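*Asks:* Sequence order for the protein chains is V and W. Per the UniProt record's numbering, the first sequence starts with residue 1, numbered consecutively. Per the UniProt record's numbering, the second sequence starts with residue 1, numbered consecutively. Ideal Cβ positions, reconstructed from N, Cα and C, are used throughout, including at glycine. What you are looking at is a predicted structure, and each value in this text was computed from that prediction instead of being measured. Okay, handing you the structure first.
2 protein chains.
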Amino acid sequence: MDAGRRIETALDAAVAHLEAPGAPPRLAEALRYAVFPGGHRIRPRLCLSVARACGDDDPAAADAAAAAIELLHCASLVHDDLPCFDDAPMRRQKASVHVAFGEPLAVLTGDALIVAAFETLARGAARHPQRLAALVGLVARAAGSPAGIVAGQAWESEPYVALSDYQQAKTGALFAASTVAGAAAAGAQPLPWRLLGECLGEAYQCADDLRDVACRQEEIGKPAGRDATLGRPNAAALLGTDGALERLKRLTREAIEVIPDCPGADTLRAEIEAQTRLFLPKSLANLVSA
Amino acid sequence: MDAGRRIETALDAAVAHLEAPGAPPRLAEALRYAVFPGGHRIRPRLCLSVARACGDDDPAAADAAAAAIELLHCASLVHDDLPCFDDAPMRRQKASVHVAFGEPLAVLTGDALIVAAFETLARGAARHPQRLAALVGLVARAAGSPAGIVAGQAWESEPYVALSDYQQAKTGALFAASTVAGAAAAGAQPLPWRLLGECLGEAYQCADDLRDVACRQEEIGKPAGRDATLGRPNAAALLGTDGALERLKRLTREAIEVIPDCPGADTLRAEIEAQTRLFLPKSLANLVSA
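Dropping the structure here:
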């Protein structure tokens, strides 16, 4: 099965558990709405690529890790879109969850997806409890406080923040989790894989800033120009479009260079090059490969 | 160390990890505010009592299970108090988290506490990965969808709900998790312990309804009469104070009767009798023991 199919199948199984008989019907509907259809599934693709590069000897564990990371990402999107944060009306070309289902169910959808991430790990990595223990710790670290995505979002409530702390927590942590969890799911040492995830997280952040500044809403499925509206730092606004594109190219090269020795390193390199092309919509991606 | 000290120590260690260097300071402050000072810590006490009744051969695992359950309970209080749910101004004799820290940090505090519950399990139960696997699954089941506390809260967004489904998910699930997780942490079969937790969950719900109807705000640390204001079902309103007190007595007796065979059954019986007395403020508790 190719990576895309594996990811959608794993996410579908995870969401199906949440919708089991007895679930409140509107919550169940909101949970599926928040997860499907997805974006490019960049983080779980990265996770599976690393797992395969490390031998992928327990595909159920790798699928669970990939799904858990995407569930956390979806949870963070639902909560970040809430009126008390970005008050975003749209996400992935459709109404955001609180617009479609109301604020109470949007809060609960995010909560349930966070829980589901860990439940998915427990179910999928049960064959190797030692790996499960590592995975729960690695994924939790990327999600919570002091340095996960929740902490990243919380920096927006602080009067002073170092841009790098903010971006590392808000974006970098989940990319780093994607690579280390992919390795851990396959029984490899996770730590050497962190740097690759961090480089790709920075590259993605840079691409996201470019999309916000240089694209129209139809291309990115959510309102453009939000960083300026919300007074948030943006690499493309600071460096200009060309400067940000240059930075993105450099970070992508760096990522390729820091791939640890592993059985599937060559394939992994090619996959990461393909995945980073998904960071930008076509109009901008052509400029990077130029 | 007595149970109360074990619980506060375990919670303090869990929160200290969330406040580690690099954490956003206001989030860190809100996290500690949401967990300390606590209420009666009824659920973690129950968890530790069951673990001890089952031999408590890995106290770190039992402490982690107890802390994880209390962290989830605190998370649910923070989110339930939000303006889009109960809009509660007070909790545990002080301003609720969104009043003290604002709505964005209240959402994130709940999120971070959910994550912390699983991180605490991963850290504390590392010596027995097989038990950790069981604990993550049991705790997740009590927290999320289809039948955990998040689902319980989501029933409030449905046009029709069976009262038993609502109360079982909103209150019963975490009590059931307290007993099964206590057993699992000590290496015992968790399933036989579910019924005890469910009985105590029903008893607690009945006591909570009594407190809402029959107590003043100063006694319970939050506004009284909220169920009537919010149009929620309440056993004391349905059965009258005497009827609800009778039901509470019966449920407590049932709980004592369904304790599974275990090395520490006698001590456990006494502990549960003491713990159920904490369900009500003194003015009402005297009526139950009368």
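Please list, in chain order, the chain W residues whose beta carbon lies closer than 9 Å to that of Pro59 (chain V).
*Replies:* Within 9 Å Cβ-Cβ: nothing; Pro59 (chain V) doesn't reach chain W, min ~18 Å.
*Asks:* Starting from Ala203 (chain W), find everything on chain V with Cβ-Cβ shorter than 9 Å and list it in chain order.
*Replies:* Going along chain V, no residue has its Cβ under 9 Å from Ala203 (chain W), so there is no contact; the nearest lies around 22 Å.
*Asks:* Nearest CA to the CA of Arg250 (chain W): which residue from W:Cys199, W:Glu219, W:Leu230?
*Replies:* Nearest of W:Cys199, W:Glu219, W:Leu230 to Arg250 (chain W), Cα basis: W:Cys199.
*Asks:* Measure the C-alpha to C-alpha separation of Asp165 (chain V) and Ala28 (chain W) and round it to an integer number of angstroms.
*Replies:* In a straight line, the C-alpha of Asp165 (chain V) is about 15 Å away from that of Ala28 (chain W).
*Asks:* For Leu280 (chain W), which residues from the same chain have a beta carbon less than 6 Å from its beta carbon, with the 5 sequence-adjacent residues on both sides left out?
*Replies:* Cβ within range, chain order: Ala207.
*Asks:* I'd like the list of long-range same chain contacts for Arg26 (chain W), defined as Cβ closer than 7 Å, with 5 residues on each side in sequence excluded.
*Replies:* For Arg26 (chain W), where only same-chain residues beyond five positions count, the Cβ hits under 7 Å are Phe101, Leu105.
*Asks:* If you drop the 5 nearest sequence neighbours on each side, which residues of the same chain put their C-beta closer than 6 Å to that of Trp155 (chain W)?
*Replies:* So the list reads Val161, Tyr166, once near-sequence residues are dropped.
*Asks:* Which residues in chain V have a C-beta closer than 8 Å to the C-beta of Gln130 (chain W)? List them in chain order.
*Replies:* Correct list: Pro129.
*Asks:* Using a beta-carbon distance cut-off of less than 8 Å, what residues from the segment 140-168 of chain V approach chain W?
*Replies:* Listed by position along the chain: Ala140, Arg141, Ala143, Gly144, Ser145, Pro146, Ala147, Gly148, Val150, Ala151, Gln153, Ala154, Trp155, Glu156, Ser157, Glu158, Val161, Asp165.
*Asks:* Excluding five sequence neighbours on each side, which residues of the same chain lie with their C-beta closer than 6 Å to the C-beta of Thr109 (chain W)?
*Replies:* Excluding sequence neighbours, Thr109 (chain W) sits near Ala30, Leu31, Ala34, Val78, Val97.
*Asks:* Going by alpha carbons, who is nearest to Ala65 (chain W) out of W:Asp57, W:Asp111, W:Asn286, W:Ala10?
*Replies:* Of the candidates W:Asp57, W:Asp111, W:Asn286, W:Ala10, the one whose C-alpha sits nearest the C-alpha of Ala65 (chain W) is W:Ala10.
*Asks:* Can you tell me whether Asn234 (chain W) is buried or exposed? The criterion is at least 16 other CB atoms within 10 Å of its CB, across all chains shown.
*Replies:* Looking at its Cβ environment, which holds 16 or more other Cβ atoms inside 10 Å, Asn234 (chain W) is buried.
*Asks:* Kindly give me the distance between the Cβ atoms of Ala185 (chain W) and Ala122 (chain W), rounded to whole angstroms, as I take these residues to be in contact under 8 Å.
*Replies:* About 13 Å; that fails the 8 Å criterion.
*Asks:* When the Cα of Ser76 (chain V) is compared with those of V:Leu278, V:Ala236, V:Arg232, V:Gly152, which residue comes out closest?
*Replies:* Closest by alpha carbon: V:Gly152.
*Asks:* What are the partner residues of Lys94 (chain W), as DSSP defines its beta bridges?
*Replies:* Paired residues: W:Arg91.
*Asks:* Put Cys262 (chain W) into one of helix, strand or coil per three-state DSSP.
*Replies:* Cys262 (chain W): coil per DSSP, three-state reduction.
*Asks:* List, in chain order, every chain V residue whose beta-carbon is nearer than 7 Å to that of Glu103 (chain W).
*Replies:* The contacting residues are Cys84.
*Asks:* Is Gly102 (chain V) helix, strand or coil when you go by DSSP?
*Replies:* Residue state, collapsed to three classes: coil.
*Asks:* Could you give the DSSP three-state label for Asp2 (chain W): helix, strand or coil?
*Replies:* In the structure shown, Asp2 (chain W) sits in coil (DSSP, three-state: anything other than H, G, I, E or B).
*Asks:* Keeping to the same chain, check which residues put their C-beta closer than 8 Å to that of Ala95 (chain V); ignore five residues upstream and five downstream.
*Replies:* Same-chain partners within the cutoff: Pro89.
*Asks:* Compare the C-beta of Ala112 (chain V) against all C-beta atoms of chain W and say whether one is closer than 7 Å.
*Replies:* So yes, Ala112 (chain V) belongs to the interface.
*Asks:* Thinking just about the alpha-carbon of each residue, which of W:Arg41, W:Gly144, W:Gly264 is nearest to the one in Gln168 (chain W)?
*Replies:* Closest option to Gln168 (chain W), Cα to Cα, is W:Gly144.
*Asks:* Is DSSP giving Pro44 (chain V) helix, strand or coil here?
*Replies:* Looking at Pro44 (chain V) - three-state DSSP - the assignment turns out to be helix.
*Asks:* Suppose only complete runs of 4+ residues qualify. What are the alpha helix (DSSP H) ranges in the segment 205-260 of chain V, listed by chain order?
*Replies:* Entirely contained in the segment 205-260 of chain V, the alpha helix (DSSP H) runs reaching 4 residues are, in chain order, 217-220, 226-230, 235-257.
*Asks:* Only counting runs of 3 or more residues, tell me where the beta strand (DSSP E) segments fall wholly within the segment 48-77 of chain W, in order along the chain.
*Replies:* The qualifying runs do not exist here; there are none.
*Asks:* Got a sec? Which residues, its chain only, sit under 6 Å from Ala228 (chain W) by beta carbon, not counting five neighbours each side?
*Replies:* For Ala228 (chain W), where only same-chain residues beyond five positions count, there are no Cβ hits under 6 Å.
*Asks:* Given that Pro25 (chain V) touches chain W, what residues does it touch there, using C-beta distances under 9 Å?
*Replies:* Those within 9 Å of Pro25 (chain V) in chain W are Glu158.
*Asks:* Please say whether Ala51 (chain W) and Gly137 (chain W) have beta carbons closer to each other than 7 Å?
*Replies:* No, they are not a contact pair.
*Asks:* Compare the beta carbon distance of Pro146 (chain V) and Pro192 (chain V) with 7 Å and say whether it is the shorter of the two.
*Replies:* No, they are not a contact pair.
*Asks:* Which residue's Cα is closest to the Cα of Leu163 (chain V): W:Pro24, W:Ala173, W:Ala3, W:Gln130?
*Replies:* Closest option to Leu163 (chain V), Cα to Cα, is W:Pro24.
*Asks:* Would you identify the three-state DSSP class for Leu280 (chain W), choosing helix, strand or coil?
*Replies:* In this structure, Leu280 (chain W) counts as coil in the three-state DSSP scheme.
*Asks:* Taking beta-carbon pairs under 9 Å, can you tell me which members of the segment 14-44 of chain V lie near chain W?
*Replies:* Result list: His17, Leu18, Glu19, Ala20, Pro21, Gly22, Ala23, Pro24, Pro25, Arg26, Leu27, Ala28, Ala30, Leu31.
*Asks:* Where Pro223 (chain W) and Lys170 (chain V) are concerned, what is the direct C-alpha to C-alpha distance, given to the nearest angstrom?
*Replies:* Roughly 37 Å between the two C-alpha positions.
*Asks:* Shortest alpha-carbon distance to Arg92 (chain W) belongs to which of W:Phe36, W:Ser283, W:Ala255?
*Replies:* The shortest Cα separation from Arg92 (chain W) among W:Phe36, W:Ser283, W:Ala255 belongs to W:Phe36.
*Asks:* Since His79 (chain V) meets chain W, which of its residues come closer than 9 Å, beta carbon to beta carbon?
*Replies:* Chain W residues near His79 (chain V): Val107, Leu108, Asp111.
*Asks:* Am I right that Ile220 (chain V) and Arg232 (chain V) are in contact with their C-beta atoms under 8 Å? What's the rounded C-beta distance?
*Replies:* That pair is no contact at about 16 Å.
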